[in-house]
Amino acid sequence: MSLLPQRLRDGYTTFRNGRLAAEQGRYRELAIRGQTPETMVIGCCDSRVSPEVIFHVGPGELFVMRNAGNLVPPYSPDGAYHGVSSALEYAVTMLQVRHIVVLGHARCGGVRAFADDAAGGEFIGKWMSLLAPVAAAIETHGEGLDSYLTRLEQASVPGVAAKPADVPLHSQALRKPHAHPARRLFRCRVGRAVGARRRKPALRAGHAAFFFAAMSLRLIRHSAI
Ligand SMILES: [Zn+2]
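Its first residue numbered 2, the sequence shown is counted upward by one per residue in the working numbering.
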């Protein structure tokens with residue numbers, strides 16, 4: 002008797018007979034040469050927000066770190082266990098990714114729990130409290146809950162990008178004198194792109210909202226302050 006749910010067993014069979022069979026060469030190459038993704042994505046655990054699906058990429062293209070609320074905790078070399086920091090460190094120093102993208106989304110349960118002051122439990126409440134500085138920084142306009150949640154979701158997305166000073170500390174690769182992430186930030190959201198450096202075509206996804214914050218490490222490395 003398999004430990005896997007039937008839905009996953011069926012899906013794996015479909016994958017094995019379909020995509021895996023059709024892309025044997027790519028999977029074999031990845032197995033032999035290892036992964037060399039250019040982009041790290043920090044996304045939410047939410048089952049509706051799969052980075053590989055949203056960005057329509059294949060195996061080996063994204064290095065993905067997902068957690069509740071797509072959050073990046075402060076740099077804390079205190080000997081504790083730091084999953085996000087270790088993933089960031091590995092991505093930048095070992096894989097030498099060129100881009101880090103923080104992917105947020107609408108209707109985030111973690112953000113909602115934080116806003117409702119209902120993020121309890123042994124761990125989730127503490128974890129979502131990382132949003133406190135973000136919440137404190139955005140003004141409330143006496144608006145409805147949905148509007149406030151949307152603004153909080155958007156404000157929380159820059160995570161890495163909004164606090165570039167936290168990122169270099171995760172990695173020696175970013176401690177180079179010329180590395181200055183703040184010079185290369187851009188942010189875009191569904192429907193329109195905003196940012197100082199570049200504008201991207203509007204993303205058409207109806208009212209489904211995904212929010213991005215990204216920085217290009219390649220550009221950072223090649224830039225000079
Ligand atoms: Zn979420």
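Think of the CB as a built atom: it goes at the ideal place given N, C-alpha and C, for glycine as much as any other residue. Here the structure is a predicted model, which means the values were calculated and not measured.
Hey, would you say the C-beta of residue i is under 7 Å away from at least one heavy atom of ligand 2?
i           : result
residue 106 : As far as ligands go, the structure on display features ligand 1 and does not contain ligand 2.
Below 7 Å, is the gap between the Cβ of residue i and the nearest heavy atom of ligand 1?
i           : result
residue 47  : yes
residue 110 : yes
residue 70  : yes
Assign residue i to one of three DSSP states: helix, strand, or coil.
i           : result
residue 1   : Absent from the model: residue 1. The displayed extent of the chain is 2 to 226, so no value can be given.
residue 40  : strand
residue 67  : strand
residue 33  : helix
residue 185 : Here the model assigns residue 185 a pLDDT of 32, short of 50, so the residue's position is not dependable, and the following value carries that caveat. Three-state DSSP puts residue 185 in a helix.
residue 232 : As shown, the chain starts at 2 and ends at 226. That puts residue 232 outside it, with no answer to give.
residue 13  : helix
residue 76  : coil
residue 179 : Only weak support is given to the placement of residue 179: the predicted model assigns it a pLDDT of 38, under 50, and the question is left unresolved by the model.
residue 26  : helix
residue 141 : coil
residue 98  : coil
residue 58  : coil
residue 174 : Only weak support exists for where residue 174 lies, its pLDDT of 39 falling under 50; the coordinates are left without a value.
First and last residue of the alpha helix (DSSP H) that includes residue i?
i           : result
residue 23  : 20–23
residue 88  : 84–90
residue 55  : 52–55
residue 129 : 125–129
residue 119 : Neither: residue 119 is in no alpha helix (DSSP H) and is coded neither H nor E.
residue 155 : 146–157
residue 136 : 133–138
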